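Protein chains in written order, with the numbering used here: chain A, 42 to 314; chain B, 1333 to 1757. For glycine and all other residues, C-beta sits at the position ideal for the given N, C-alpha and C. Since the model is a prediction, treat every value here as computed from it, not as a measurement.
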Ligand SMILES: Nc1ncnc2c1ncn2[C@@H]1O[C@H](COP(=O)(O)OP(=O)(O)OP(=O)(O)O)[C@@H](O)[C@H]1O
Ligand SMILES: [Mg+2]
């Protein structure tokens, strides 16, 4: 089967596997995303379960980032981007025009591909979210939030002596963990991660993967990754995207051992991607 | 294949030519830099060569008899006692006594050697030290501008004599010979306003006028410019209207400044009936002129803030305003300040629009605020350069030095601020 046949099949088929779960944290139905006139996501139905880590994989340009950014309306910042469909966070319609994105983004946090700490101190980076949302009424309370967040991100021991040093002075891996600490400081319910390890070395990557496993006890996590091993190591379920379509969703083990769809198999065995 | 050359042979053949071209290119660059530098050097030697004399003035030593009766001061405690006192007479008597002059005509010629401002300086000094009264004291008194010009050129081959008669020159030579002529730091130049008498004319009035004008300009144009830039960059939808606004802002930056002067005349003075010649109106006009510069540089600075920082803030749930206030503005501030200071330097050097709104008036008093009639440094230079008295030539150069000094200071401040505030990420 060559690529053009894959493509034809991708357009014809409906998602295989089990995209829907009971008692979902987030549920998306019939999501279409357009950049100006160009469609980037075609009719995606997907549920994300409570305290589950869902990995999104697929070839470059297939729309993983685009889909992920719909989940906390980060796509609003792109003028030409238009989102259709129903996206729910529990009982809240995410794209309800009357919804304020500020509390939404406090509930659904995001970690970006490139570490992007603010050019401020480590402390101020982590304290920024709690400050703008008014989560701490006293200084000691804020100190506590900063410490627990840094501990959860596995960064506390490395930075506790230089909390007021610049966040940009950390190594790439430390910066990414700082960004994770900054995100969990506002205690979101869902954390979206877009290739959080793509700029990191294997050791820093291992630390972050460990961290994801720990965080999944309390948070729901959606992670985009290009590393099949990473998806296999950290996630419970895996969603495979292809040319803007959601091809297959299944338990991670099944996806990597016995995928239902030919395209998924072709991708994970490295025949294209 | 004997006739065909290999690639490396072809390359080698061209190599010499390429090197020569490269060398020529470097030479052109060096020549243009040298040309610019030599222009600067010529400009500065000329200005400084003429101007440094403007910072000193010639004084004549006289022993003045300060008897209260002759001065007409009955009681030094009385208000106005010094205002009506005849210090001018006292100075004249001291002058006649020093040079043994009795003839009426000669007396008049002698009077012309001392500046009319000398008696005011003497009055102020005696007022500060009333114990000087009723005795004789020696004072260095300000000489007339013709004497000043002559004395400053006395060592050259053909000293400038101007309107000085031979008789006056003889007196001056006598005084010079006995060490009763000197040049001293010209404090008047730094502390007083304009005057018809070159030796009394100072730069302070114009400097204050410039200060108030630029202050008004800064206070208005910086907040307005930054607000406009933030709106255009962060909030405005990208459509035909904002494109049109953008094009027009760029066009405004290219409009000759005199047009802004005419606009200010029509709007602020004719329509709003504000007074002429005041720094407030000058500042408003220069605000119109510098706004485009500030908007353009602020927009560039805002654009340069990495999108990842904005995404980080928005992703944490910051509102747009919080994102702008907490992250974009602090990061863009060095660039915006640099732009603003460069705009202010432009405004400081601007003459044409100020001429249109009457800041070209002859103002003796130091302005005390934005509503007082004033002139500005470049306009003062224009006025002095236009004056017939020879002594104004060095004043003009001295004023140019002061103006250039301020401009250097402002540019240095811009560089320092940029270094200081610049943060890397
Ligand atoms: N800002 C944008 N404007 C226009 N088109 C865009 C924009 N962002 C993404 N796209 C297009 O949408 C499609 C999906 O892009 P997306 O970034 O979601 O891919 P991705 O799966 O995340 O790829 P990668 O793995 O390389 O990050 C691509 O065809 C891309 O060209
Ligand atoms: Mg992506």
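Below 8 Å on C-beta distance, what does residue i contact in chain A?
i: residue 1570 (chain B); result: 120
i: residue 1663 (chain B); result: 160
i: residue 1640 (chain B); result: 153, 155 and 157
Hey, how far is the Cα of residue i from the Cα of residue j?
i: residue 1617 (chain B); j: residue 1587 (chain B); result: 13 Å
i: residue 296 (chain A); j: residue 257 (chain A); result: 20 Å
i: residue 1697 (chain B); j: residue 1517 (chain B); result: 22 Å
i: residue 302 (chain A); j: residue 285 (chain A); result: 16 Å
i: residue 82 (chain A); j: residue 103 (chain A); result: 8 Å
i: residue 49 (chain A); j: residue 279 (chain A); result: The predicted model places residue 49 (chain A) with a pLDDT of 45, which falls under 50 and marks its position as unreliable, so this point remains unresolved.
i: residue 187 (chain A); j: residue 1370 (chain B); result: 60 Å
i: residue 299 (chain A); j: residue 274 (chain A); result: 16 Å
i: residue 129 (chain A); j: residue 135 (chain A); result: 6 Å
i: residue 1680 (chain B); j: residue 1583 (chain B); result: 22 Å
i: residue 160 (chain A); j: residue 195 (chain A); result: 21 Å
i: residue 1743 (chain B); j: residue 138 (chain A); result: 49 Å
i: residue 214 (chain A); j: residue 156 (chain A); result: 8 Å
i: residue 203 (chain A); j: residue 1615 (chain B); result: 48 Å
i: residue 1720 (chain B); j: residue 1425 (chain B); result: 31 Å
i: residue 255 (chain A); j: residue 1640 (chain B); result: 27 Å
i: residue 47 (chain A); j: residue 283 (chain A); result: Its pLDDT being 45, under 50, residue 47 (chain A) is placed unreliably by the model, and nothing is read from it.
i: residue 1288 (chain B); j: residue 1708 (chain B); result: Absent from the model: residue 1288 (chain B). The displayed extent of chain B is 1333 to 1757, so no value can be given.
i: residue 1699 (chain B); j: residue 1571 (chain B); result: 47 Å
i: residue 1466 (chain B); j: residue 1444 (chain B); result: 26 Å
i: residue 1390 (chain B); j: residue 1357 (chain B); result: 53 Å
i: residue 74 (chain A); j: residue 1368 (chain B); result: 57 Å
i: residue 210 (chain A); j: residue 200 (chain A); result: 11 Å
i: residue 1624 (chain B); j: residue 1561 (chain B); result: 10 Å
i: residue 181 (chain A); j: residue 120 (chain A); result: 41 Å
i: residue 105 (chain A); j: residue 153 (chain A); result: 13 Å
i: residue 72 (chain A); j: residue 127 (chain A); result: 7 Å
i: residue 277 (chain A); j: residue 63 (chain A); result: 15 Å
i: residue 1585 (chain B); j: residue 1534 (chain B); result: 34 Å
i: residue 87 (chain A); j: residue 59 (chain A); result: 9 Å
i: residue 306 (chain A); j: residue 55 (chain A); result: 16 Å
i: residue 1539 (chain B); j: residue 1711 (chain B); result: 10 Å
i: residue 101 (chain A); j: residue 158 (chain A); result: 25 Å
i: residue 308 (chain A); j: residue 1645 (chain B); result: 35 Å
i: residue 1386 (chain B); j: residue 1746 (chain B); result: 29 Å
i: residue 1453 (chain B); j: residue 1627 (chain B); result: 49 Å
i: residue 253 (chain A); j: residue 208 (chain A); result: 21 Å
i: residue 264 (chain A); j: residue 245 (chain A); result: 16 Å
i: residue 1690 (chain B); j: residue 1549 (chain B); result: 17 Å
Taking residue i as the query, report the chain A residues whose CB atoms sit under 9 Å from its CB, ordered along the chain.
i: residue 1313 (chain B); result: Limits of chain B in this structure are 1333 at one end and 1757 at the other, which puts residue 1313 (chain B) out of reach.
i: residue 1643 (chain B); result: 115, 118, 151, 153 and 157
Starting from residue i, find everything on chain B with Cβ-Cβ shorter than 7 Å and list it in chain order.
i: residue 143 (chain A); result: 1649 and 1651
Applying a beta-carbon distance threshold of less than 9 Å, which residues of chain B neighbour residue i?
i: residue 147 (chain A); result: 1648 and 1649
i: residue 164 (chain A); result: Near residue 164 (chain A) there are no residues of chain B at all, since even the closest Cβ is about 15 Å away, more than 9 Å.
i: residue 170 (chain A); result: 1648, 1649 and 1650
Identify the contact partners of residue i in chain A, using a Cβ-Cβ distance below 7 Å as the criterion.
i: residue 1337 (chain B); result: Neighbours of residue 1337 (chain B) on chain A: none; closest Cβ ~46 Å, over 7 Å.
i: residue 1654 (chain B); result: 173
Could you tell me which chain B residues have their CB closer than 8 Å to the CB of residue i, listed as they occur along the chain?
i: residue 225 (chain A); result: None at all; the shortest Cβ gap to chain B is about 11 Å.
i: residue 174 (chain A); result: 1649
Quiz item: Are there three or more Cβ pairs, one per stretch, closer than 8 Å when the segment 1741 to 1755 of chain B is compared with the segment 1665 to 1672 of chain B?
Solution: yes
Exercise. With a floor of 4 residues, list each alpha helix (DSSP H) that falls wholly inside the segment 1448 to 1536 of chain B, ordered by position along the chain.
Key: 1450 to 1460, 1477 to 1484, 1498 to 1509 and 1519 to 1523
Self-check item: contact_flag[the segment 1630 to 1640 of chain B, the segment 1562 to 1574 of chain B] where n(CB pairs < 8 Å) is 3 or more
Solution: yes
Quiz item: What are the complete alpha helix (DSSP H) segments, minimum 4 residues, inside the segment 98 to 146 of chain A?
Solution: 105 to 111
Quiz item: Does the segment 1724 to 1735 of chain B come within contact of the segment 1376 to 1387 of chain B, defined as at least 3 CB pairs closer than 8 Å?
Solution: yes
Self-check item: Residues proximal to ligand 2 by C-beta, any heavy atom closer than 7 Å
Solution: A:105, A:106, A:154, A:235, A:236 and A:265
Practice problem: Kindly provide the ranges of any beta strand (DSSP E) runs that are 3 or more residues long and lie completely inside the segment 1366 to 1426 of chain B, ordered along the chain. | Solution: 1388 to 1397
Quiz item: Does the segment 1647 to 1656 of chain B come close enough to the segment 1671 to 1688 of chain B to have 3 or more Cβ pairs within less than 8 Å?
Solution: no
Practice problem: Indicate whether the contact test is met: 3 or more Cβ pairs, each with one atom in the segment 1457 to 1473 of chain B and one in the segment 1393 to 1411 of chain B, closer than 8 Å. | Solution: yes
Quiz prompt | Contact the segment 219 to 239 of chain A vs the segment 161 to 180 of chain A: 3+ CB pairs below 8 Å | solution = yes
Quiz item: At which residue ranges does the segment 50 to 80 of chain A contain complete beta strand (DSSP E) runs of 3 or more residues, listed in the order of the chain?
Solution: 65 to 76
Exercise. Flag this pair as touching only if the segment 1414 to 1432 of chain B and the segment 1482 to 1495 of chain B have three or more C-beta atom pairs under 8 Å; answer yes or no.
Key: no
Quiz item: Which ranges does the alpha helix (DSSP H) cover as unbroken runs of at least 4 residues, wholly within the segment 230 to 271 of chain A, from first to last along the chain?
Solution: 243 to 256
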